[in-house]
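These notes concern the structure reproduced below.
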Amino acid sequence: MVKLLGGRFRARQAETAEDVLACQRLRFEVFRAGRGAVGEATEGLDRDEFDAACVHFMVEEPRSDRLVCCFRVLPLRNGSEIGRTYSAKYYELSGLTDYPGKMMEMGRFCVHPDFRDPNILRAAWGAMTRYVEDEGVELLFGCSSFHGVDEDSYMDAFAYLAERHLAPKRWLPRVKAPKVFRFARKLRLKRPDPKNAMVKMPPLLRTYLVMGGWVSDHAVIDNDLNTLHVFTGLEISQVPPNRVRLLRGA
Numbered sequence: 000m001v002k003l004l005g006g007r008f009r010a011r012q013a014e015t016a017e018d019v020l021a022c023q024r025l026r027f028e029v030f031r032a033g034r035g036a037v038g039e040a041t042e043g044l045d046r047d048e049f050d051a052a053c054v055h056f057m058v059e060e061p062r063s064d065r066l067v068c069c070f071r072v073l074p075l076r077n078g079s080e081i082g083r084t085y086s087a088k089y090y091e092l093s094g095l096t097d098y099p100g101k102m103m104e105m106g107r108f109c110v111h112p113d114f115r116d117p118n119i120l121r122a123a124w125g126a127m128t129r130y131v132e133d134e135g136v137e138l139l140f141g142c143s144s145f146h147g148v149d150e151d152s153y154m155d156a157f158a159y160l161a162e163r164h165l166a167p168k169r170w171l172p173r174v175k176a177p178k179v180f181r182f183a184r185k186l187r188l189k190r191p192d193p194k195n196a197m198v199k200m201p202p203l204l205r206t207y208l209v210m211g212g213w214v215s216d217h218a219v220i221d222n223d224l225n226t227l228h229v230f231t232g233l234e235i236s237q238v239p240p241n242r243v244r245l246l247r248g249a
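Numbering (numbering that gives the first Met the number 0), first residue to last: 0 to 249.
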């Protein structure tokens with residue numbers, strides 16, 4: 000059971016049904032009420048069929064006991080189980096079915112809108128690092144979301160991803176969702192402004208990228224959650240040693 004306490008925040012695994020409900024309430028506030036999402040929700044909760052199979056993580060402010068961040072993970076023995084993930088609803092992932100090592104999907108990562116402290120992200124990744132090392136995970140993946148469904152707002156970011164961070168061909172997800180933005184194809188001649196690209200890049204995705212992460216060649220247009228998202232993968236063995244030290248320190 001992962002529990003970390005350092006500085007202003009503590010990170011831990013959810014232990015009770017009430018803990019999971021608290022995560023679902025925060026997810027509703029961030030993903031549904033806060034994004035103008037159109038999908039159905041029940042009693043102010045964002046929940047789905049994947050919650051029961053996942054391990055849920057919470058980042059809290061001890062002095063107020065407020066939940067400031069949460070996410071969930073779905074451990075997999077290897078690539079043969081990738082078809083039961085949230086990502087597989089939107090991406091054709093047959094290239095990863097032969098992956099031999101342990102895998103883990105991370106999803107529903109969100110931060111309370113009243114909190115903008117970068118130490119929240121550090122605490123979350125510190126807990127994630129501990130769990131990944133304890134479980135022997137070799138590949139971390141999930142969907143990284145851009146707010147809104149207007150791709151024109153993120154052209155430099157998408158061009159930057161196409162130029163520097165596409166998935167290895169053997170693992171590249173294929174199109175499955177009915178509505179997608181094929182940014183690698185459409186922006187192949189565009190030279191991005193790296194500074195503007197990083198400004199527009201979601202914080203979670205930025206963290207993946209600095210650790211050596213890679214993405215799909217297209218973004219899914221998700222009107223349910225009012226987002227554009229890309230499949231994101233990270234091979235743990237490829238994370239730079241200095242980044243590993245920072246994450247362990249968190």
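Ideal Cβ positions, reconstructed from N, Cα and C, are used throughout, including at glycine.
Quantities reported herein were computed from a predicted structural model and do not represent experimental measurements.
Answer with buried or exposed for residue i, where buried requires no fewer than 16 other C-beta atoms within 10 angstroms of its C-beta.
i: E59; result: buried
i: P177; result: exposed
i: S86; result: buried
Let me check understanding here. Comparing Cα to Cα, which of the options lies closest to residue i?
i: M0; options: E48, G6, E14, F8; result: E14
i: P99; options: W170, C109, R184; result: W170
i: V72; options: L95, R121, P117, V19; result: V19
i: G6; options: K178, S152, N118; result: N118
i: T128; options: S236, G43, D192; result: S236
i: R163; options: K185, H146, V214; result: V214
i: F92; options: A32, Y130, A166, R26; result: Reading off the sequence shown, one finds Leu at residue 92, where the question assumed Phe. Answer by Cα proximity: A166.
i: Y153; options: P201, A32, F27; result: P201
i: D116; options: F230, F8, T231; result: F8
How big is the Cα-Cα spacing for residue i and residue j?
i: T226; j: L204; result: 14 Å
i: P74; j: D45; result: 21 Å
i: K175; j: L224; result: 18 Å
i: R83; j: H55; result: 17 Å
i: D113; j: C22; result: 15 Å
i: R173; j: R187; result: 17 Å
i: D221; j: Y89; result: 9 Å
Among residues of its own chain, excluding the 5 on either side of residue i, which ones have a beta-carbon nearer than 7 Å to its beta-carbon?
i: D97; result: G78
Once the 5 residues before and after residue i are set aside, which same chain residues still bring their CB inside 6 Å of it?
i: N195; result: D155
i: S144; result: T226, H228
i: K189; result: A158
i: C68; result: V58, V110, I119, A123
Can you list, in chain order, the residues of its chain whose CB lies under 8 Å from that of residue i, leaving out five sequence neighbours each side?
i: L233; result: L138, L139, F140, Y207, M210, G211, G212, W213
Would you call the region 120-138 and the region 86-103 touching, i.e. three or more CB-CB distances under 8 Å? yes
Within 8 Å, do at least three Cβ pairs link the region 233-242 to the region 46-55? no
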